[in-house]
Amino acid sequence: MRTELALGFRLAFAGGRHGAVRIAMVASAVAIGTAALLLAASVPTMLDARQSRSEARGDNTAGEDRPAGRTVVVAAVEAGWHGDDIRGRLLWPDAPGAPRPPGVPAFPGDHQMYASPALQAALAGPDGGTLRRQMPYRVVGTIGPDGLSGPRELAYYAGYPRVRDRLGQGSWRVDRFGYPAVEEIGDGPYILSVTVLVTLLLPIVILLGAALRFGTDRRDRRLAAIRLIGADHRAVLRIALGESLVATGFGLAGGVALYLSARERAAAFDLLGFSVYPADVRPVPVLALATVVGVLALSAAMAVLGFRGVSIEPLGVFRQAAHWRGRLWWRLILPVAGVALLYPAILGLPDVPEDRTGLGVLLLLVSLIPILPYLVPAVARLLPHGPASWQLASEQLRRNPAGSTRAVTGIVVAVAGAIALQTFFAAAANRAVDSDDPGGPAFLVQFTGRQTPAAMRHRSALFEQVGGVTAGTVAQYVVYDPGNPVPEFVIVGDCAALSQVAALSRCADGDAFTTGGPRRSVTLDAGGSDPAPGARIAVPHDARRAALIGPYLANAGPSVLLTPAAATAVPPDVDPEFVDTGIFTSKEPAAVAGQLRGVAAEIDPLALFTSLAPETDFYAPLGSALTVGLALLLLMMAVGLLLDVAARLGERRRVLGVLAAIGARRSTVVWSVLLQAIAPVLSGLALASGVGAGLGALLMRMSAVPVRFDAPAILGPAAAGAGLALATTVVVLLPAAGWVTRTDKLRYE
Numbered sequence: 001m002r003t004e005l006a007l008g009f010r011l012a013f014a015g016g017r018h019g020a021v022r023i024a025m026v027a028s029a030v031a032i033g034t035a036a037l038l039l040a041a042s043v044p045t046m047l048d049a050r051q052s053r054s055e056a057r058g059d060n061t062a063g064e065d066r067p068a069g070r071t072v073v074v075a076a077v078e079a080g081w082h083g084d085d086i087r088g089r090l091l092w093p094d095a096p097g098a099p100r101p102p103g104v105p106a107f108p109g110d111h112q113m114y115a116s117p118a119l120q121a122a123l124a125g126p127d128g129g130t131l132r133r134q135m136p137y138r139v140v141g142t143i144g145p146d147g148l149s150g151p152r153e154l155a156y157y158a159g160y161p162r163v164r165d166r167l168g169q170g171s172w173r174v175d176r177f178g179y180p181a182v183e184e185i186g187d188g189p190y191i192l193s194v195t196v197l198v199t200l201l202l203p204i205v206i207l208l209g210a211a212l213r214f215g216t217d218r219r220d221r222r223l224a225a226i227r228l229i230g231a232d233h234r235a236v237l238r239i240a241l242g243e244s245l246v247a248t249g250f251g252l253a254g255g256v257a258l259y260l261s262a263r264e265r266a267a268a269f270d271l272l273g274f275s276v277y278p279a280d281v282r283p284v285p286v287l288a289l290a291t292v293v294g295v296l297a298l299s300a301a302m303a304v305l306g307f308r309g310v311s312i313e314p315l316g317v318f319r320q321a322a323h324w325r326g327r328l329w330w331r332l333i334l335p336v337a338g339v340a341l342l343y344p345a346i347l348g349l350p351d352v353p354e355d356r357t358g359l360g361v362l363l364l365l366v367s368l369i370p371i372l373p374y375l376v377p378a379v380a381r382l383l384p385h386g387p388a389s390w391q392l393a394s395e396q397l398r399r400n401p402a403g404s405t406r407a408v409t410g411i412v413v414a415v416a417g418a419i420a421l422q423t424f425f426a427a428a429a430n431r432a433v434d435s436d437d438p439g440g441p442a443f444l445v446q447f448t449g450r451q452t453p454a455a456m457r458h459r460s461a462l463f464e465q466v467g468g469v470t471a472g473t474v475a476q477y478v479v480y481d482p483g484n485p486v487p488e489f490v491i492v493g494d495c496a497a498l499s500q501v502a503a504l505s506r507c508a509d510g511d512a513f514t515t516g517g518p519r520r521s522v523t524l525d526a527g528g529s530d531p532a533p534g535a536r537i538a539v540p541h542d543a544r545r546a547a548l549i550g551p552y553l554a555n556a557g558p559s560v561l562l563t564p565a566a567a568t569a570v571p572p573d574v575d576p577e578f579v580d581t582g583i584f585t586s587k588e589p590a591a592v593a594g595q596l597r598g599v600a601a602e603i604d605p606l607a608l609f610t611s612l613a614p615e616t617d618f619y620a621p622l623g624s625a626l627t628v629g630l631a632l633l634l635l636m637m638a639v640g641l642l643l644d645v646a647a648r649l650g651e652r653r654r655v656l657g658v659l660a661a662i663g664a665r666r667s668t669v670v671w672s673v674l675l676q677a678i679a680p681v682l683s684g685l686a687l688a689s690g691v692g693a694g695l696g697a698l699l700m701r702m703s704a705v706p707v708r709f710d711a712p713a714i715l716g717p718a719a720a721g722a723g724l725a726l727a728t729t730v731v732v733l734l735p736a737a738g739w740v741t742r743t744d745k746l747r748y749e
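And the structure:
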């Protein structure tokens, strides 16, 4: 056996220029696939490393009080930059020896900060002055890698003694860092991730199979010569196995080199705030071993399956021409099982296990592979009569649909996954646009503490210094009504501010309004963790009716609105629950968000800044990444299709030469080969469009997005797949048209 394998190794290098081209093509495809699989095998390690660093710096005590001692007072800061969140923490130690957050060598002094490398680069970059307004602290050091979730994270720790005065109002004490973070992740992101992985990885496996079949026609002729000198069928099989392992070995080595190169550049990439250090990119040992063993096993399997239907005899290579008889029943097992697993999610039932839905998505996408060979002969029978080129193509499609579709399935799976994801992204973007209330504020800034009418007017004026912005500030007191689950408020503000939260017929200082029935008085909540009755204030008898507007008060119950002159009954020593500043803008929210965040931070670093209108499209980066990934994937599929078309032309060269010898025109032969390649592509893309649209609808339902289909999201990937398949076939076929129709080689038959 070793002798035959060694002979196969030698034959791999003795094939001349054609053999070298085959080794190079197969090794390149195997290298690309191996690198992609190793990167996928590194995803669990990347997630674990990121999660462990995030948990090591966790400071969320879930509302539990900590007594002062060797503790640190911490406050979270709301900040953002160009659609990315900034993780800001203001802190001050209660005593020497207090615990420090990971990555920080010492506590920063008053108005000093340690910043991440990415944040320091943003502060030093264009428009860094606007970003500086959100964090007016002097940079004295850099946060180490163990204090960051990734190298591209925007984060800082700043020293701010006044956080001790805001305990319970935005700041809290911690006696250590490393509290576990509690995150609720729904099924939608999980299914989204499964769809992305299957869309990217399954076509790569199909590419490996197509590459390993390339050039087998000349290999078979060499093996026939070896049969002539006495080798039996088993020896020939072992020789072919050794020959295939050469290209696979070079491909595995190249794939590891590509993987290591990508690993060193991992820190330069950032998607939706997710970035990793090169040291995080390590394949799970079991998955890495499975990748290597799987590629070698696939190579061996392709070598063995390549002899199915082929008889290598001492006098030549003979291929069986039996009519293909495909069975439908077993091909329906996968889609039926996938739909059965996804049926509860389709109905919108709660508590559907993630593993069940993920397996259902996987089965639906994988089911395209066995269904397509059965679909193609059915399509070929739709036109029983036609030109001679179609008659030749349809006959071959009916006889050998598996061979005609084996390279196309990769494109079909990729297009189906891309359609599912693109339709979901388009629907999510449309929902964001539809949910944006053009009459409501774009931003809401919430402050704590006591406020006077003059201070609230001054606060609005500070925000209105930004061009294209109007603002209104109101103080919001909670009404004590423990039996009512709907919150009620007493809202105090001038007429301009009240008109932004309620529809008022007319307003002057001294007016009062109610959003429910007439009321003589209301009791304010005393504050604290438990509801308790506080001050009782009278409602003016001439209070008029009004209706609350705006998204952040949409769920409020009957409330009272008071102008400053009518609010004298509110005791001055009662703090409002919130002081809300609603900000309206005539510009795009993203254009003014940075400046407004800076104003809010200058007023109060602990202000809660909320974007009610989306500053950026959350799914736009994912859509862009998917477009780039699909383009690269389709290019890889084009390589696989190119190899497959070339291999099939080599296998049928003599048959096509016979057609040319008996009088068939060259154009007829060429068109028959072209139609044989186009028909499976169009059939597969029609199937992919239906499955992709169905999976897209499932993603929308599971992510609470209204089901809405976008025509470009469906037609774009399908057109790209069809155009790529057509272009690849033409690129191979036109130069080979003269070669496949030559008759001078027929004398050897």
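Numbers 1 to 749, taken from full-length UniProt numbering, label the letters of the sequence shown in order. Yeah, the Cβ is synthetic: ideal placement off N, Cα and C, and Gly gets one too.
Exercise. Closest by CA to residue 761, which one among D110, P441, G550?
Worked result: Outside the displayed range of the chain (1 to 749) lies residue 761, so it cannot be described from this structure.
Exercise. Looking only at its own chain, which residues have a Cβ that is under 6 Å from the Cβ of V72, when we skip the five neighbours before and after it?
Worked result: Start at 1 with the first residue of the sequence shown, and residue 72 comes out as number 72. So the qualifying residues of the chain are L91, P93, A98, V174.
Problem set entry | DSSP state of N708 mapped onto helix, strand, coil | Here residue 708 corresponds to residue number 708 of the sequence shown, with the count starting at 1. A small fix is needed here, since residue 708 is Arg in this sequence, not Asn. Coil, per DSSP.
Exercise. Taking Cβ to Cβ, would you say I714 is nearer than 7 Å to S683?
Worked result: Taking the sequence shown and counting its residues from 1, the one referred to as residue 714 is at position 714. Taking the sequence shown and counting its residues from 1, the one referred to as residue 683 is at position 683. Taking 7 Å as the Cβ cut-off, I714 and S683 do not qualify as a contacting pair.
Exercise. If you count every other CB in all the chains shown that lies within 10 Å of the CB of G255, and 16 or more means buried, which is it?
Worked result: Walking along the sequence shown from the start, residue 255 turns up at place 255. Its Cβ being crowded by 16 or more others within 10 Å, G255 is buried.
Exercise. Which class does P533 belong to by DSSP, given the choice of helix, strand or coil?
Worked result: Within the sequence shown, the letter at position 533 stands for residue 533. In the structure shown, P533 sits in a strand (DSSP, three-state: E or B).
For this session: Taking residue 784 and F177 to be in contact with their CB atoms under 8 Å, please state how far apart those CB atoms are, rounded to whole angstroms.
Result: It is not possible to answer for residue 784, since the shown part of the chain is limited to 1 through 749.
Problem set entry | Nearest residue (CA-CA) to L687, options L674, G483, V415 | What you label residue 687 is simply residue 687 of the sequence shown in a count that begins at 1. That would be V415, whose Cα lies nearest to the Cα of L687.
Exercise. Apart from the five residues on each side of it in sequence, which residues of its chain come closer than 7 Å, Cβ to Cβ, to R597?
Worked result: Translated into positions along the sequence shown, residue 597 becomes position 597. For R597, where only same-chain residues beyond five positions count, the Cβ hits under 7 Å are A79, G80, Q134, F609.
Exercise. For the 8 Å Cβ check, are there 3 or more pairs between the region 362 to 371 and the region 408 to 426?
Worked result: yes
Exercise. On the premise that R331 lies in contact with Y277, defined as a C-beta separation below 8 Å, what is that separation, rounded to the nearest angstrom?
Worked result: Position 277 of the sequence shown, counted from the start, is the residue given in the question as residue 277. Position 331 of the sequence shown, counted from the start, is the residue given in the question as residue 331. Actually they are not in contact, since the Cβ atoms of Y277 and R331 sit about 45 Å apart, beyond 8 Å.
For this session: Would you mind stating whether D48 and P102 have Cβ atoms separated by less than 7 Å?
Result: Along the sequence shown, one-based indexing puts residue 48 at 48. Along the sequence shown, one-based indexing puts residue 102 at 102. No, the Cβ-Cβ distance between D48 and P102 is not below 7 Å.
Problem set entry | Residue from G159, S244, V730, F513 whose Cα sits closest to the Cα of M25 | For the purposes of this step, residue 25 is taken as residue 25 along the sequence shown, with counting starting at 1. Ranking the options by Cα distance to M25, first place goes to S244.
Problem set entry | Three-state secondary structure (DSSP) of S683 | Within the sequence shown, residue 683 is the residue found at index 683, counting from 1. In this structure, S683 counts as helix in the three-state DSSP scheme.
For this session: Pair every Cβ in the region 157 to 164 with every Cβ in the region 288 to 298, then say whether three or more of these pairs are closer than 8 Å.
Result: no
Exercise. For L363, does the three-state DSSP call read helix, strand or coil?
Worked result: Taking the sequence shown and counting its residues from 1, the one referred to as residue 363 is at position 363. Three-state DSSP puts L363 in a helix.
Exercise. If we ignore side chains and look at the alpha-carbon of each, how far apart do M700 and S149 end up?
Worked result: The residue labelled residue 700 in the question sits at position 700 within the sequence shown. The residue labelled residue 149 in the question sits at position 149 within the sequence shown. Approximately 29 Å between the Cα atoms of the pair.
Problem set entry | CB of R89 within 7 Å of CB of V74, strictly | Here residue 89 refers to the residue found at position 89 when the sequence shown is read from its first residue. Here residue 74 refers to the residue found at position 74 when the sequence shown is read from its first residue. Contact flag set, yes.
Exercise. Taking the continuous alpha helix (DSSP H) assigned at P373, which residues delimit it?
Worked result: What you label residue 373 is simply residue 373 of the sequence shown in a count that begins at 1. Its alpha helix (DSSP H) spans residues 368 to 380.
For this session: Using the DSSP secondary-structure output, state which residues sit across from T523 in a beta bridge.
Result: Against the sequence shown, residue 523 aligns to sequence position 523. DSSP, once it has assigned bridges, lists R536 as partnering T523.
Problem set entry | A471, enclosing beta strand (DSSP E) - first and last residue | Residue 471 sits at position 471 when you count from the first residue of the sequence shown. Looking at the DSSP string, the run of the beta strand (DSSP E) that includes A471 is 469 to 478.
Problem set entry | Whole-Å CB distance - V486 paired with G557, under 8 Å assumed | Counting from 1 along the sequence shown, the entry for residue 486 is found at position 486. Counting from 1 along the sequence shown, the entry for residue 557 is found at position 557. Right, the Cβ-Cβ distance comes to about 4 Å (below 8 Å), so this counts as a contact.
For this session: Would you identify the three-state DSSP class for V139, choosing helix, strand or coil?
Result: Here residue 139 corresponds to residue number 139 of the sequence shown, with the count starting at 1. The answer is strand: DSSP assigns V139 an E or B state.
Exercise. Opposite G445 in the DSSP bridges: which residues?
Worked result: Taking the first residue of the sequence shown as 1, we reach residue 445 at position 445. In the sequence under discussion, the amino acid at residue 445 is Val, which differs from the Gly named in the question. Paired residues: T581, F609.
Problem set entry | For F463 and S559, the rounded distance between their alpha carbons | By one-based count along the sequence shown, residue 559 stands at place 559. By one-based count along the sequence shown, residue 463 stands at place 463. Taking the straight line from one Cα to the other gives about 27 Å.
Exercise. Taking the C-alpha atoms as reference points, what is the distance between E184 and F447?
Worked result: Along the sequence shown, read from residue 1 onward, the residue named residue 184 stands at position 184. Along the sequence shown, read from residue 1 onward, the residue named residue 447 stands at position 447. Confidence at E184 is low in this model, with a pLDDT of 45, below 50, so its placement is unreliable and the value that follows should be read with caution. E184 and F447: Cα-Cα distance of roughly 27 Å.
Problem set entry | Alpha-carbon to alpha-carbon, T668 and S394 | Position 394 of the sequence shown holds residue 394. Position 668 of the sequence shown holds residue 668. Spanning the two alpha carbons is a distance of roughly 13 Å.
Exercise. In whole angstroms, what is the alpha-carbon distance linking L685 and W671?
Worked result: Residue numbering aside, residue 685 sits at position 685 when the sequence shown is read from its first letter. Residue numbering aside, residue 671 sits at position 671 when the sequence shown is read from its first letter. Taking the straight line from one Cα to the other gives about 21 Å.
Problem set entry | Supposed close pair A526, A532 - CB separation, criterion 8 Å | Within the sequence shown, numbered from 1, the residue matching residue 526 stands at position 526. Within the sequence shown, numbered from 1, the residue matching residue 532 stands at position 532. Contact holds; Cβ gap of about 4 Å.
For this session: Alpha carbon to alpha carbon, how far is Y343 from Q391? Give it in angstroms, no decimals.
Result: For this step, residue 391 is matched to residue 391 along the sequence shown. For this step, residue 343 is matched to residue 343 along the sequence shown. If you take the alpha carbons of Q391 and Y343, they lie about 42 Å apart.
For this session: Tell me, please, which residues DSSP counts as bridged to A512.
Result: The count along the sequence shown starts at 1 and reaches residue 512 at position 512. The partner list for A512 (beta bridge, DSSP) reads L562.
For this session: Grab the span of the alpha helix (DSSP H) containing V276 for me, first residue to last.
Result: Taking the sequence shown and counting its residues from 1, the one referred to as residue 276 is at position 276. Here V276 belongs to no alpha helix (DSSP H), and DSSP marks it neither H nor E.
Exercise. Of all Cβ atoms in chain B, is any one closer than 7 Å to the Cβ of A566?
Worked result: Among the chains in the structure shown there is no chain B, since it carries only a single protein chain.
Exercise. Taking the Cβ atom as the reference point for each residue, do G338 and L372 lie within a distance shorter than 7 Å?
Worked result: Taking the first residue of the sequence shown as 1, we reach residue 338 at position 338. Taking the first residue of the sequence shown as 1, we reach residue 372 at position 372. Result no, Cβ atoms of G338 and L372 do not sit closer than 7 Å.
For this session: My understanding is that Q120 touches R138, with C-beta atoms under 8 Å, so please give their C-beta distance in whole angstroms.
Result: Here residue 120 refers to the residue found at position 120 when the sequence shown is read from its first residue. Here residue 138 refers to the residue found at position 138 when the sequence shown is read from its first residue. About 12 Å separates the two Cβ atoms, so there is no contact after all.
Problem set entry | Inter-residue Cα distance where the pair is R238 and N400 | What you label residue 238 is simply residue 238 of the sequence shown in a count that begins at 1. What you label residue 400 is simply residue 400 of the sequence shown in a count that begins at 1. The straight-line gap from Cα to Cα measures roughly 27 Å.
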